[in-house]
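The numbering used here puts the first residue of the sequence shown at 3, with every later residue one more than the last. Idealized CB from N, CA, C, for every residue including glycine. No experiment lies behind these values; they were computed from the predicted model shown. One structure is given here, and the rest of the page talks about it.
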Amino acid sequence: MSNEFSIVLPAYNTPADILRRAINSVLNQTYPHFELIIVDDGSEPSLEPIIKEYRDNRIVFIRHDKNRGAGAAHNTGIKASKYDWVAFICHDDEWLPNKLEKQSSEVIKHEIDEKLALIYSDIFFYDNNTLSEFNARYVFECVTKNFHEASLILAFFYTSTIIIRKDALIDVGMYDETGILIDWDLYIKLSEKYNFYCINEKLVNYYSSSLGITHPNNFNNNPLAGNDIIKLYYKWKHDIFKYKKAKKIWCIRWNAIAQWYLQKNQKKEAFIAYMEAIKLNPYWRGNYIDLIKYFILRKRL
(Lines of atoms letter the chains of each structure in order from A and count residues from 1; the text may use other names and numbers.)
(Lines give C-alpha, C1' and ligand atoms only; values in the text may rest on other atoms or scores of the structure.)
Protein backbone atom coordinates (compact mmCIF):
# COMPACT_ATOMS: atom_id res chain seq x y z
CA MET A 1 0.00 0.00 0.00
CA SER A 2 1.45 3.35 -1.07
CA ASN A 3 1.65 6.43 1.12
CA GLU A 4 0.47 8.82 -1.56
CA PHE A 5 -2.75 10.69 -0.92
CA SER A 6 -5.89 11.64 -2.79
CA ILE A 7 -7.22 14.80 -1.14
CA VAL A 8 -10.92 15.56 -1.60
CA LEU A 9 -12.09 19.15 -1.21
CA PRO A 10 -15.88 19.49 -1.66
CA ALA A 11 -17.06 23.07 -2.11
CA TYR A 12 -20.37 24.83 -2.63
CA ASN A 13 -20.77 28.59 -3.13
CA THR A 14 -17.52 29.12 -1.23
CA PRO A 15 -16.20 32.72 -1.17
CA ALA A 16 -13.06 32.98 -3.28
CA ASP A 17 -10.72 34.02 -0.46
CA ILE A 18 -11.90 31.18 1.78
CA LEU A 19 -11.51 28.60 -0.99
CA ARG A 20 -8.04 29.88 -1.89
CA ARG A 21 -6.99 29.56 1.75
CA ALA A 22 -7.96 25.88 1.79
CA ILE A 23 -6.35 25.14 -1.59
CA ASN A 24 -3.13 26.96 -0.73
CA SER A 25 -2.82 25.08 2.54
CA VAL A 26 -2.83 21.81 0.58
CA LEU A 27 -0.47 22.92 -2.17
CA ASN A 28 1.97 24.26 0.44
CA GLN A 29 2.38 20.88 2.15
CA THR A 30 5.95 19.82 2.87
CA TYR A 31 4.96 16.34 1.64
CA PRO A 32 4.38 16.64 -2.13
CA HIS A 33 3.01 13.22 -3.13
CA PHE A 34 -0.70 13.81 -3.57
CA GLU A 35 -3.52 14.78 -5.90
CA LEU A 36 -6.09 17.41 -4.95
CA ILE A 37 -9.61 16.64 -6.16
CA ILE A 38 -11.85 19.71 -5.92
CA VAL A 39 -15.55 18.91 -6.29
CA ASP A 40 -17.79 21.88 -7.05
CA ASP A 41 -21.23 20.76 -5.90
CA GLY A 42 -23.20 22.90 -8.35
CA SER A 43 -22.08 26.35 -7.18
CA GLU A 44 -23.57 29.39 -8.88
CA PRO A 45 -21.48 30.84 -10.33
CA SER A 46 -19.09 27.98 -10.98
CA LEU A 47 -15.89 27.84 -8.92
CA GLU A 48 -13.89 26.89 -12.01
CA PRO A 49 -12.43 30.40 -12.61
CA ILE A 50 -10.86 30.27 -9.15
CA ILE A 51 -9.40 26.82 -9.79
CA LYS A 52 -7.96 27.95 -13.13
CA GLU A 53 -5.80 30.46 -11.27
CA TYR A 54 -3.62 27.52 -10.22
CA ARG A 55 -1.10 25.96 -12.57
CA ASP A 56 -0.54 22.75 -10.67
CA ASN A 57 -1.00 19.41 -12.40
CA ARG A 58 -1.87 17.75 -9.09
CA ILE A 59 -5.27 19.50 -9.12
CA VAL A 60 -8.30 17.66 -10.51
CA PHE A 61 -11.50 19.70 -10.88
CA ILE A 62 -14.95 18.08 -11.04
CA ARG A 63 -18.24 19.97 -11.20
CA HIS A 64 -21.72 18.66 -10.46
CA ASP A 65 -24.31 20.09 -12.85
CA LYS A 66 -26.60 20.70 -9.86
CA ASN A 67 -26.29 20.79 -6.08
CA ARG A 68 -26.41 17.18 -4.86
CA GLY A 69 -25.36 17.62 -1.24
CA ALA A 70 -22.21 17.08 0.79
CA GLY A 71 -22.42 13.28 0.81
CA ALA A 72 -22.57 13.06 -2.97
CA ALA A 73 -19.72 15.57 -3.34
CA HIS A 74 -17.50 13.53 -1.01
CA ASN A 75 -18.37 10.31 -2.85
CA THR A 76 -17.61 11.86 -6.23
CA GLY A 77 -14.14 12.70 -4.95
CA ILE A 78 -13.60 9.22 -3.51
CA LYS A 79 -14.63 7.55 -6.78
CA ALA A 80 -12.25 9.78 -8.73
CA SER A 81 -9.31 9.15 -6.38
CA LYS A 82 -6.34 7.09 -7.55
CA TYR A 83 -4.33 6.55 -4.36
CA ASP A 84 -4.71 4.15 -1.44
CA TRP A 85 -5.30 6.83 1.20
CA VAL A 86 -7.99 9.51 0.93
CA ALA A 87 -7.81 12.75 2.90
CA PHE A 88 -10.52 15.39 3.23
CA ILE A 89 -10.38 19.12 3.77
CA CYS A 90 -13.49 21.22 4.33
CA HIS A 91 -13.67 24.24 2.07
CA ASP A 92 -13.41 26.68 4.99
CA ASP A 93 -10.56 24.98 6.90
CA GLU A 94 -6.78 25.16 6.61
CA TRP A 95 -4.06 22.54 6.93
CA LEU A 96 -0.77 23.28 8.66
CA PRO A 97 2.20 22.73 6.30
CA ASN A 98 3.40 19.47 7.88
CA LYS A 99 0.04 17.66 8.09
CA LEU A 100 0.58 15.14 5.29
CA GLU A 101 4.22 14.61 6.22
CA LYS A 102 3.22 13.65 9.76
CA GLN A 103 0.44 11.37 8.57
CA SER A 104 2.63 9.78 5.89
CA SER A 105 5.09 8.77 8.61
CA GLU A 106 2.29 7.13 10.59
CA VAL A 107 1.09 5.24 7.51
CA ILE A 108 4.56 3.71 7.19
CA LYS A 109 4.76 2.90 10.91
CA HIS A 110 1.37 1.15 10.93
CA GLU A 111 1.37 -0.45 7.48
CA ILE A 112 1.22 -3.99 8.91
CA ASP A 113 -1.94 -3.20 10.89
CA GLU A 114 -4.73 -4.39 8.61
CA LYS A 115 -7.40 -3.13 10.99
CA LEU A 116 -6.17 0.47 10.99
CA ALA A 117 -8.28 2.47 8.54
CA LEU A 118 -8.33 6.06 9.81
CA ILE A 119 -5.69 8.44 11.17
CA TYR A 120 -6.72 11.78 12.67
CA SER A 121 -5.17 14.62 14.66
CA ASP A 122 -5.90 17.50 17.02
CA ILE A 123 -6.85 20.97 15.80
CA PHE A 124 -6.60 24.66 16.48
CA PHE A 125 -10.19 25.92 16.79
CA TYR A 126 -11.08 29.45 15.70
CA ASP A 127 -14.48 30.87 16.60
CA ASN A 128 -15.04 34.59 15.99
CA ASN A 129 -11.27 35.13 16.04
CA THR A 130 -11.00 33.39 19.41
CA LEU A 131 -8.38 30.63 19.39
CA SER A 132 -8.78 27.44 21.39
CA GLU A 133 -7.34 23.95 21.13
CA PHE A 134 -9.11 20.63 20.64
CA ASN A 135 -7.43 17.46 21.87
CA ALA A 136 -9.22 14.62 20.08
CA ARG A 137 -7.43 11.80 21.90
CA TYR A 138 -8.32 13.31 25.28
CA VAL A 139 -12.00 13.55 24.28
CA PHE A 140 -11.96 9.95 23.07
CA GLU A 141 -10.31 8.62 26.24
CA CYS A 142 -12.73 10.58 28.43
CA VAL A 143 -15.68 8.95 26.71
CA THR A 144 -14.55 5.32 26.36
CA LYS A 145 -11.68 3.32 24.91
CA ASN A 146 -13.99 1.46 22.53
CA PHE A 147 -13.94 3.04 19.05
CA HIS A 148 -17.46 1.96 18.14
CA GLU A 149 -19.03 3.10 21.41
CA ALA A 150 -17.19 6.43 21.23
CA SER A 151 -18.37 6.98 17.66
CA LEU A 152 -21.97 6.24 18.64
CA ILE A 153 -21.73 8.92 21.33
CA LEU A 154 -20.17 11.72 19.30
CA ALA A 155 -17.95 12.53 16.33
CA PHE A 156 -14.83 13.05 18.41
CA PHE A 157 -12.57 14.37 15.65
CA TYR A 158 -12.88 16.72 12.69
CA THR A 159 -13.12 15.77 9.02
CA SER A 160 -10.27 18.01 7.87
CA THR A 161 -7.85 16.08 10.10
CA ILE A 162 -8.50 12.60 8.76
CA ILE A 163 -6.96 10.27 6.22
CA ILE A 164 -8.84 7.04 5.46
CA ARG A 165 -7.91 3.93 3.51
CA LYS A 166 -9.83 3.95 0.25
CA ASP A 167 -10.60 0.23 0.43
CA ALA A 168 -12.18 0.75 3.87
CA LEU A 169 -14.32 3.60 2.53
CA ILE A 170 -15.55 1.37 -0.30
CA ASP A 171 -16.11 -1.50 2.14
CA VAL A 172 -18.52 0.50 4.34
CA GLY A 173 -20.36 2.09 1.42
CA MET A 174 -18.71 5.53 1.53
CA TYR A 175 -20.84 8.51 2.59
CA ASP A 176 -24.60 8.55 3.09
CA GLU A 177 -25.98 10.88 0.41
CA THR A 178 -29.34 11.48 2.08
CA GLY A 179 -28.44 13.26 5.30
CA ILE A 180 -26.60 16.12 6.93
CA LEU A 181 -24.55 14.34 9.62
CA ILE A 182 -22.61 12.42 6.99
CA ASP A 183 -19.23 12.50 8.74
CA TRP A 184 -20.57 11.16 12.01
CA ASP A 185 -22.43 8.36 10.24
CA LEU A 186 -19.29 7.40 8.32
CA TYR A 187 -17.19 7.21 11.49
CA ILE A 188 -19.77 4.91 13.09
CA LYS A 189 -19.72 2.63 10.04
CA LEU A 190 -15.93 2.50 10.00
CA SER A 191 -15.69 1.90 13.75
CA GLU A 192 -17.75 -1.29 13.42
CA LYS A 193 -14.93 -2.98 11.50
CA TYR A 194 -11.75 -0.92 11.80
CA ASN A 195 -9.49 0.90 14.24
CA PHE A 196 -8.51 4.58 14.38
CA TYR A 197 -5.23 6.22 15.38
CA CYS A 198 -4.67 9.73 16.72
CA ILE A 199 -1.61 11.89 16.10
CA ASN A 200 -1.53 13.95 19.26
CA GLU A 201 -0.51 17.14 17.44
CA LYS A 202 -2.50 20.03 16.05
CA LEU A 203 -2.28 19.80 12.26
CA VAL A 204 -5.37 21.75 11.15
CA ASN A 205 -6.87 25.20 11.66
CA TYR A 206 -10.60 24.67 12.01
CA TYR A 207 -12.76 27.75 11.49
CA SER A 208 -16.25 27.77 12.98
CA SER A 209 -18.12 29.23 10.05
CA SER A 210 -21.67 30.00 9.02
CA LEU A 211 -20.76 28.28 5.73
CA GLY A 212 -21.20 24.89 7.40
CA ILE A 213 -24.48 23.16 8.14
CA THR A 214 -23.10 22.11 11.54
CA HIS A 215 -22.52 25.71 12.60
CA PRO A 216 -24.77 26.38 15.65
CA ASN A 217 -26.71 29.14 13.91
CA ASN A 218 -27.57 26.87 11.01
CA PHE A 219 -28.27 23.84 13.20
CA ASN A 220 -30.73 25.58 15.49
CA ASN A 221 -32.62 27.20 12.65
CA ASN A 222 -32.63 24.27 10.24
CA PRO A 223 -35.21 21.56 11.01
CA LEU A 224 -33.31 19.18 8.74
CA ALA A 225 -30.41 19.20 11.19
CA GLY A 226 -32.60 18.18 14.13
CA ASN A 227 -34.34 15.58 12.01
CA ASP A 228 -30.98 14.17 10.98
CA ILE A 229 -29.94 13.54 14.59
CA ILE A 230 -33.17 11.58 15.01
CA LYS A 231 -32.50 9.72 11.77
CA LEU A 232 -28.97 8.87 12.91
CA TYR A 233 -30.30 7.58 16.22
CA TYR A 234 -32.84 5.23 14.66
CA LYS A 235 -30.28 3.97 12.15
CA TRP A 236 -27.89 3.00 14.96
CA LYS A 237 -30.40 2.41 17.79
CA HIS A 238 -29.61 -1.30 18.06
CA ASP A 239 -25.92 -0.56 18.58
CA ILE A 240 -26.56 2.35 20.97
CA PHE A 241 -28.52 0.06 23.30
CA LYS A 242 -25.47 -2.21 23.64
CA TYR A 243 -23.47 0.43 25.50
CA LYS A 244 -24.31 1.98 28.88
CA LYS A 245 -22.53 5.29 28.24
CA ALA A 246 -24.05 5.65 24.78
CA LYS A 247 -27.53 5.13 26.22
CA LYS A 248 -26.98 7.80 28.87
CA ILE A 249 -25.76 10.39 26.36
CA TRP A 250 -28.57 9.69 23.92
CA CYS A 251 -31.07 9.91 26.79
CA ILE A 252 -29.89 13.47 27.42
CA ARG A 253 -30.13 14.21 23.69
CA TRP A 254 -33.70 12.96 23.49
CA ASN A 255 -34.63 15.04 26.53
CA ALA A 256 -33.21 18.09 24.74
CA ILE A 257 -35.09 17.13 21.55
CA ALA A 258 -38.32 16.96 23.56
CA GLN A 259 -37.76 20.46 24.89
CA TRP A 260 -36.94 21.65 21.36
CA TYR A 261 -40.30 20.28 20.19
CA LEU A 262 -42.09 22.00 23.09
CA GLN A 263 -40.59 25.34 22.10
CA LYS A 264 -42.19 24.79 18.70
CA ASN A 265 -45.49 23.76 20.33
CA GLN A 266 -45.22 20.25 18.86
CA LYS A 267 -46.60 18.43 21.91
CA LYS A 268 -47.09 15.00 20.36
CA GLU A 269 -43.51 14.89 19.09
CA ALA A 270 -42.26 16.11 22.50
CA PHE A 271 -44.08 13.27 24.28
CA ILE A 272 -42.58 10.68 21.92
CA ALA A 273 -39.13 12.15 22.55
CA TYR A 274 -39.58 11.96 26.33
CA MET A 275 -40.63 8.31 25.99
CA GLU A 276 -37.51 7.55 23.98
CA ALA A 277 -35.36 9.24 26.63
CA ILE A 278 -36.98 7.11 29.36
CA LYS A 279 -36.36 3.90 27.39
CA LEU A 280 -32.69 4.81 27.16
CA ASN A 281 -32.28 5.61 30.85
CA PRO A 282 -35.33 4.73 32.97
CA TYR A 283 -33.44 5.58 36.17
CA TRP A 284 -32.74 9.22 35.42
CA ARG A 285 -35.32 11.24 37.34
CA GLY A 286 -34.76 14.31 35.17
CA ASN A 287 -36.87 12.67 32.47
CA TYR A 288 -39.82 12.20 34.83
CA ILE A 289 -39.57 15.72 36.23
CA ASP A 290 -39.64 17.13 32.70
CA LEU A 291 -42.47 14.80 31.72
CA ILE A 292 -44.58 16.03 34.66
CA LYS A 293 -43.88 19.60 33.57
CA TYR A 294 -44.97 18.58 30.08
CA PHE A 295 -48.35 17.31 31.33
CA ILE A 296 -48.87 20.43 33.48
CA LEU A 297 -48.09 22.63 30.50
CA ARG A 298 -50.38 20.62 28.25
CA LYS A 299 -53.24 20.89 30.75
CA ARG A 300 -52.93 24.66 30.90
CA LEU A 301 -53.01 25.09 27.13
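Can you tell which of W252, G288 and I20 has its C-alpha closest to the C-alpha of A152?
Looking up residue 152 in the sequence shown gives position 150. Ranking W252, G288 and I20 by Cα distance to A152 puts W252 first.
On a Cα-Cα basis, can you pick out the residue from V206, N77 and H35 that is closest to V174?
Numbered from 1 along the sequence shown, position 172 holds the residue referred to as residue 174. When only C-alpha atoms are compared, the closest one is N77.
Looking at the strands, I want to know which residues DSSP matches up with Y122.
Mapped onto the sequence shown, residue 122 falls at position 120. In the DSSP output, where bridge partners are listed per residue, Y122 has C200.
Quick check: the segment 98-109 against the segment 121-129, are at least 3 beta-carbon pairs closer than 8 Å?
yes
DSSP has N207 in a bridge; who is on the other side?
Taking the first residue of the sequence shown as 1, we reach residue 207 at position 205. In the DSSP output, where bridge partners are listed per residue, N207 has E96 and F126.
Out of V41, I254 and V62, point me to the one whose CA is closest to R287's CA.
Here residue 287 refers to the residue found at position 285 of the sequence shown. The option with the nearest alpha carbon to R287 is I254.
Write down every uninterrupted run of the alpha helix (DSSP H) in the segment 243-276 whose length is 4 residues or greater and which is fully enclosed by it, in chain order.
246-265
Assumed close pair E179, G73 - CB separation to whole angstroms, cut-off 8 Å
Reading the sequence shown from its first residue, position 177 is the one you call residue 179. Reading the sequence shown from its first residue, position 71 is the one you call residue 73. E179 to G73, Cβ: 4 Å. Contact.
For F7, which of helix, strand or coil comes out of DSSP?
As a position in the sequence shown, residue 7 is number 5, starting the count at 1. Here F7 sits in strand by DSSP.
Assumed close pair A89, I165 - CB separation to whole angstroms, cut-off 8 Å:
One-based indexing of the sequence shown puts residue 89 at position 87. One-based indexing of the sequence shown puts residue 165 at position 163. Going by Cβ atoms, the distance from A89 to I165 rounds to 5 Å, so yes, they are a contact pair.
Just confirm the distance between the C-beta atoms of S210 and Y128, as a whole number of angstroms; I'd bet it's less than 8 Å.
Taking the sequence shown and counting its residues from 1, the one referred to as residue 210 is at position 208. Taking the sequence shown and counting its residues from 1, the one referred to as residue 128 is at position 126. Their Cβ separation, rounded to whole angstroms, is 7 Å, which keeps S210 and Y128 in contact under 8 Å.
If you measure between the beta carbons of I25 and I64, is that distance less than 9 Å?
By 1-based counting over the sequence shown, the position of residue 25 is 23. By 1-based counting over the sequence shown, the position of residue 64 is 62. No, Cβ-Cβ distance for I25 and I64 is not below 9 Å.
Contacting residues, own chain, Cβ-Cβ under 7 Å from P99 (five flanking each side not counted)
The count along the sequence shown starts at 1 and reaches residue 99 at position 97. Counting only Cβ-Cβ distances below 7 Å, and skipping sequence neighbours, we find N30, Q31 and T32.
Looking only at its chain, what residues have a beta carbon closer than 8 Å to the beta carbon of A18, apart from the 5 residues adjacent to it on each side?
Working through the sequence shown from its first residue, we reach residue 18 at position 16. Closer than 8 Å at Cβ, skipping near neighbours: I52.
What residues are listed by DSSP as bridge partners for I61?
By 1-based counting over the sequence shown, the position of residue 61 is 59. I61 is bridged to L38.
Note down, in chain order, each residue of its chain lying with its Cβ closer than 8 Å to the Cβ of Y296, except the 5 sequence neighbours on either side.
By 1-based counting over the sequence shown, the position of residue 296 is 294. Within the same chain, Y296 has close Cβ partners A260, L264, K269, A272, F273 and Y276.
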